[in-house]
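One rule links them: number in the numbering used here = place in the sequence shown (from 1) + 48. Read through the structure below, which is laid out as structure tokens, and then see the notes.
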Amino acid sequence: MSARNSSALLKRARVDDEEDADPSTMTMTISSSGGEGLGKNALVRQVKRTSGLTAPIVSLAGAHQGEIISCRFDTTGERIAAASADRCISLWKTYPPHDNYGFLPNVHKQAVTDLAFSPSNASVLYSVGADGMLIATDLDTSERLVRYSAHYGPVNSLAVTRAGSSAGRELLLTGGDDGIARVWDPAREGKDPVVELDDELGGVVTAVEWSADGSAAFVGGVDNEIKVWDLRKQEVLYTLKGHTDTIASLALSPNGHFLLSYALDSTCIIHDVRPFSADPTRVYRTLIGAPAGFEQMLTKCAWSKTDNGARVAAGGGDRTVTIWEVESGKILYKLGGHKGSVGAVDFHPREPIILTGSKDTNMLLGEIDAQDLS
Numbered sequence: 049m050s051a052r053n054s055s056a057l058l059k060r061a062r063v064d065d066e067e068d069a070d071p072s073t074m075t076m077t078i079s080s081s082g083g084e085g086l087g088k089n090a091l092v093r094q095v096k097r098t099s100g101l102t103a104p105i106v107s108l109a110g111a112h113q114g115e116i117i118s119c120r121f122d123t124t125g126e127r128i129a130a131a132s133a134d135r136c137i138s139l140w141k142t143y144p145p146h147d148n149y150g151f152l153p154n155v156h157k158q159a160v161t162d163l164a165f166s167p168s169n170a171s172v173l174y175s176v177g178a179d180g181m182l183i184a185t186d187l188d189t190s191e192r193l194v195r196y197s198a199h200y201g202p203v204n205s206l207a208v209t210r211a212g213s214s215a216g217r218e219l220l221l222t223g224g225d226d227g228i229a230r231v232w233d234p235a236r237e238g239k240d241p242v243v244e245l246d247d248e249l250g251g252v253v254t255a256v257e258w259s260a261d262g263s264a265a266f267v268g269g270v271d272n273e274i275k276v277w278d279l280r281k282q283e284v285l286y287t288l289k290g291h292t293d294t295i296a297s298l299a300l301s302p303n304g305h306f307l308l309s310y311a312l313d314s315t316c317i318i319h320d321v322r323p324f325s326a327d328p329t330r331v332y333r334t335l336i337g338a339p340a341g342f343e344q345m346l347t348k349c350a351w352s353k354t355d356n357g358a359r360v361a362a363g364g365g366d367r368t369v370t371i372w373e374v375e376s377g378k379i380l381y382k383l384g385g386h387k388g389s390v391g392a393v394d395f396h397p398r399e400p401i402i403l404t405g406s407k408d409t410n411m412l413l414g415e416i417d418a419q420d421l422s
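Next comes the structure, spelled out in structure tokens:
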């Protein structure tokens, strides 16, 4: 088809706005690509800006040679860390000029499978890998603070207790291919775990998460179930069911009352994990719309933080991230932009920004509350 006959639409940011234009808005012009320049029938819209990003969508690219498996904001929202299959970790500034200011090439000997910032010290980054290691790194000095041989085989998931939990200290939870979930205390001397959670069934552990007070651990695996462990008694309190395939990831709501799970059956389930639930199944909401894809990735899910957890998100094999409204279960956004499956997702702690990482080796930052003022 020739350019003259093309009816595709192009969106262009206007750069000749008046000097007194509102700096919190961006003017977008939509026109047909069939004509030269911006015709008199072009549609002009103003999009309300809601964050400190340079644009509603920002690409963070060029650091990695392999897929992004996990990416996270630190507790301040100022920094981002990305874990890749290329065995490296990249560090980025969230805000302009969005610099890739750091690169850790030799932390793990195999793919870095998950990571998390310390809630009490944003300069400390925890990471796990397919090499079976759990490592804590001081990002200011690049010093290895702790190094554990955490599992026999790949470590699939990592979680850190929330600040102020009843544990009284920062504890780490890992799950691996050896079928065990382990609890670690980085402040404790020695290389042994504090607790081992083993149901002796031998199934691979694919996802872990802490309860809000740090007294219980959520452990998901290839048996399609999520076991809720009492750490003091080291026994299973109850089991969360509803999925029909492997649990890919877990995320706790900001208030600690609900647990979000994403599975390879292409569904998200919101579970009621309060001590007393009226529904014996504890299934609060089932969400669909994020296909797992044929690659069977352990795709991440996340809760929003700036709106008290009113939204949840999950990546997908369709190269998009899906965002749902928790109360209604409706899809609010289906965000594209990646050229490969989206396996990693996180919400900014202070602004309406979502971070995604993909098999295409890149990350995207996106505003999710942009308002059309036209």
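Every residue, glycine too, gets a C-beta built ideally from N, C-alpha and C. Treat the numbers as computed from the prediction; the structure is a model and nothing was measured.
Q. According to the neighbour-count rule (16 or more other Cβ atoms, all chains shown, within 10 Å of its Cβ), is P145 buried or exposed?
A. exposed
(Q) Do G114 and G180 have their beta-carbon atoms positioned less than 8 Å apart in this structure? (A) Contact: no.
Q) Just to confirm, are G262 and T209 a CB contact at a threshold of 8 Å? A) yes
Q. Can you give, in chain order, each stretch of the beta strand (DSSP E) that sits fully within the stretch 247-307 and has at least 3 residues?
A. 253-258, 264-269, 274-278, 283-288 and 295-300
(Q) Cutting at 7 Å between CB atoms, please list the residues of its own chain near D33, excluding the five before and the five after it. (A) There is simply no residue 33 to check, as the chain begins at 49 and stops at 422 in what is shown.
Q: Can you give me the start and stop residues for the beta strand (DSSP E) that R359 sits inside?
A: R359 to G363
Q. In chain order, what residues of the same chain lie with their CB nearer than 7 Å to the CB of F306, ignoring the 5 residues before and after it?
A. I318, H319, D320, V321 and Y332
Q. For the stretch 126-192, which segments carrying the beta strand (DSSP E) assignment without a break, of at least 3 residues, lie completely within its bounds, in sequence order?
A. With a minimum length of 3 residues, the continuous beta strand (DSSP E) runs that stay inside the stretch 126-192 are 127-132, 137-141, 148-152, 160-165, 172-177 and 181-186.
Q.
My output table needs one value for T77: the three-state DSSP class, helix, strand or coil.
A. Below a pLDDT of 50, predicted positions are generally treated as unreliable, and T77, at 41, falls in that range; the measurement from the model is reported next regardless. Here T77 sits in strand by DSSP.
Q | Of the listed residues W351, K141, N148 and S190, nearest to V155 (C-alpha basis) | A | S190
(Q) I want to know whether the stretch 372-380 touches the stretch 390-404 - three or more CB-CB distances under 8 Å. (A) no
Q) For the candidate residues A131, P167, I137 and L108, whose alpha-carbon lies nearest to that of T124? A) P167
Q.
Is the separation between the beta-carbon of D366 and that of P339 shorter than 8 Å?
A. yes
**Q.** Three-way DSSP call (helix, strand, coil) for N204 in this model
**A.** strand
Q | Spatially closest choice to L312 from R236, H291 and W277, by CA coordinates | A | H291
Q: Let me know the secondary structure DSSP gives S325 once reduced to three states.
A: coil
**Q.** D293 versus V106 - alpha carbon distance
**A.** 34 Å
Q | Buried or exposed by the 16-neighbour rule on C-beta atoms within 10 Å, applied to T102 | A | exposed
(Q) Could you tell me the alpha carbon to alpha carbon distance between F121 and I416, rounded to whole angstroms? (A) 16 Å
Q | Boundaries (first-last residue) of the beta strand (DSSP E) holding G227 | A | No beta strand (DSSP E) contains G227, which DSSP labels as neither H nor E.
Q | Residue closest to A133, alpha-carbon to alpha-carbon, out of L152, C349 and Y196 | A | The candidate whose alpha carbon is nearest that of A133 is L152.
Q | Endpoints, the beta strand (DSSP E) within which E244 is located | A | V243 to L245
**Q.** Three-way DSSP call (helix, strand, coil) for F342 in this model
**A.** coil
Q: Quickly, what does DSSP pair T102 with across the bridge? List them, please.
A: Note: T102 sits in no beta bridge, so no partner.
Q. In angstroms, rounded to a whole number, what distance separates the CA positions of G303 and A265?
A. A small fix is needed here, since residue 303 is Asn in this sequence, not Gly. Roughly 16 Å between the two C-alpha positions.
Q) Thinking just about the alpha-carbon of each residue, which of K157, S118 and N169 is nearest to the one in S296? A) It should be noted that the sequence gives Ala, not Ser, for residue 296. Among K157, S118 and N169, the Cα nearest to that of A296 is on S118.
Q.
Here's the rule I'm using: 16 or more other beta-carbon atoms within 10 Å means buried, otherwise exposed. How should R236 be labelled?
A. exposed
Q.
One question on the structure: do L279 and V243 come within less than 8 Å of each other, judged by their Cβ atoms?
A. yes
Q: Compute the distance between the beta-carbons of S301 and G357, then report whether it is under 8 Å.
A: yes
(Q) What does the alpha-carbon distance come out to for the pair K239 and R230? (A) 12 Å
Q: Kindly indicate which residue of T347, R217 and Y174 has the alpha-carbon position closest to the one of Y196.
A: Y174
Q.
One question on the structure: do A159 and G177 come within less than 8 Å of each other, judged by their Cβ atoms?
A. yes
Q.
Using only the alpha-carbon positions, how far apart do L57 and R135 sit?
A. At L57, the pLDDT of 31 sits below 50, so the modelled position is not reliable; the number obtained from the coordinates is stated separately. Approximately 40 Å between the Cα atoms of the pair.
Q: With a 10 Å radius around its C-beta and 16 neighbouring C-beta atoms as the bar for buried, classify P104 as buried or exposed.
A: buried
Q) What is the C-beta distance between V256 and A207, in whole angstroms, given that I count them as a contact (C-beta under 8 Å)? A) Right, their Cβ atoms sit about 5 Å apart.
(Q) With distance defined between alpha-carbon atoms, name the residue in K141, G227, G150 and W232 nearest to A184. (A) W232
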